[in-house]
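Taken in sequence, the protein lines are chains A and B. For what it's worth, the UniProt record's numbering labels the leading residue of the first sequence as 1, then goes sequentially. For what it's worth, the UniProt record's numbering labels the leading residue of the second sequence as 1, then goes sequentially. Beneath this line is the structure, given in structure tokens, with notes to follow.
Number of protein chains: 2
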Amino acid sequence: MQVITTECQTVEVKLTGNRKAVLLLLQQQQRPLSAYEIIDLLRPQIGRIIHPMLVYRCLDFLLEQHLVVKLVSVNKFMVLPEGATEPGQCLICERCQAVTFSQSSNPLQQQRRKIAASGFKLNQQPVEFHGICQACQKDDNK
Amino acid sequence: MQVITTECQTVEVKLTGNRKAVLLLLQQQQRPLSAYEIIDLLRPQIGRIIHPMLVYRCLDFLLEQHLVVKLVSVNKFMVLPEGATEPGQCLICERCQAVTFSQSSNPLQQQRRKIAASGFKLNQQPVEFHGICQACQKDDNK
DNA sequence: CACATTTTGTGATAATATAACATATCATTA
DNA sequence: TAATGATATGTTATATTATCACAAAATGTG
Ligand SMILES: [Zn+2]
Ligand SMILES: [Zn+2]
Ligand SMILES: [Zn+2]
Ligand SMILES: [Zn+2]
């Protein structure tokens, strides 16, 4: 057993070797990774072929523990940045794929409460907004 | 050339046979379909094998024209329901996969303005919220 | 018509994700 | 400690979603 302190909670979880490796990688990278990027980055560390199933199973576990979030619109996984409270929001640039995570701001929290009041039970994953980031807009004007 | 009147605009587009078939199917079904569901449903109508590429190309065109929206978190495509103004929001049930489209309500519009003011240029696709619908919650309590 | 542009047809392949089943490890208690 | 059940891992195969590449056909324009 091992105590993990995250932004939103202190969890006591059985963090086996594989699960720890996936979590550490995501913590090091501080950016969203696809399952297959995780496989490629982990192979040198672990020193043998890693099957997709193994990584997906680790990710499922880490998602259940709220240690990791999935960006469902781009099929990538990330740890919550330092100091983040759930569930937050992400701005995803469709040009450069940059992802900016931030806390849910007031209107979004209000929207979530409104949805909850209607009887729909929201999950705890970030809401994903898609568009073009400021940098890419500037590039377009050149 | 052909004039199409949608919820948000009247577009004059060249709607070729394939594109028309995909659009009509989505209009008939009034629910989100995956590209491969579209292929399966279209085959009997068209009478020959339809390649994925063909369907994805039609969908790309219809997306560009804002005749269709993509639910990026579940890889499905739908026409906007009668009377919808863009960009709207969707509630997606993770248990039964039911999708409920609705207009962006006030707090969400406010949130969108806030994001726009920060310099991020949002696209016109619906924002997708995930959770468990009321019906599935009731089922769980049995 | 000649020519450029757009659309279509088609095969191959990439990227993402799960099913199924055998084996191994861990936890509980007889 | 040995038996047992629960959990985790290893592995192969397969399902699902999406794009690349290139040739042929249709369409628009002067
Ligand atoms: Zn949490
Ligand atoms: Zn960008
Ligand atoms: Zn539109
Ligand atoms: Zn449901």
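Glycine residues also receive a C-beta, built at the ideal position from the N, C-alpha and C atoms. Just so we're clear, the structure is a prediction, and the values are computed from it rather than from any experiment.
Taking a cut-off of 8 Å on C-beta distances, the region 54 to 64 of chain B does not touch the region 93 to 112 of chain B, as fewer than three cross pairs fall below it.
Residues of the region 107 to 126 of chain A that bring their beta carbon within less than 7 Å of a beta carbon in chain B comprise 107, 108, 110, 111, 114, 115, 119, 120, 121, 122, 123 and 125, in sequence order. At a cut-off of 3 residues, the continuous stretches assigned as beta strand (DSSP E) that sit fully inside the region 58 to 96 of chain B are 68 to 71, 76 to 79 and 89 to 93. Rounded to whole angstroms, the gap between the alpha carbons of residue 35/A and residue 107/B is 34 Å. Secondary structure at residue 131/B: strand, using DSSP grouped into helix, strand and coil. Residue-level contact check: residue 129/A touches chain B, since one or more beta carbons of chain B fall below 8 Å from its beta carbon. Closer than 7 Å to some heavy atom of ligand 4: that describes the Cβ of residue 132/B. For the region 43 to 73 of chain A, the residues whose beta carbon sits under 7 Å from a beta carbon of chain B are, in order, 72 and 73. With a threshold of 16 other beta carbon atoms within 10 Å, residue 46/A falls short and is exposed. Using a cutoff of 7 Å, the CB of residue 95/A counts as near ligand 2, since one of the ligand's heavy atoms is closer than that. Ranked by Cα distance from residue 68/A, the first of 112/A, 40/A and 27/A is 27/A.
By the Cβ rule, the region 119 to 137 of chain B counts as touching the region 110 to 120 of chain A, because three or more pairs are nearer than 8 Å. In terms of Cβ geometry, residue 33/B and residue 77/B form a close pair [threshold 8 Å]. Not a single heavy atom of ligand 4 lies less than 7 Å from the C-beta of residue 90/B. Any Cβ of chain B closer than 8 Å to the Cβ of residue 90/A would place that residue at the interface, and such an atom is absent. With contacts defined as CB atoms closer than 8 Å, residue 125/B and residue 130/A qualify as a contacting pair. Along the region 96 to 107 of chain B, the positions whose C-beta sits under 7 Å from a C-beta of chain A are 105 and 107, read in chain order. With fewer than 16 other Cβ atoms inside 10 Å of its own Cβ, residue 82/A counts as exposed. Its Cα nearest to that of residue 79/B, the residue 31/B stands out among 17/B, 95/B, 31/B and 15/B. Taking all protein chains in view, the Cβ of residue 96/B is surrounded by fewer than 16 other Cβ atoms within 10 Å, so the residue is classified as exposed.
Within 7 Å of the C-beta of residue 98/A there is at least one heavy atom belonging to ligand 2.
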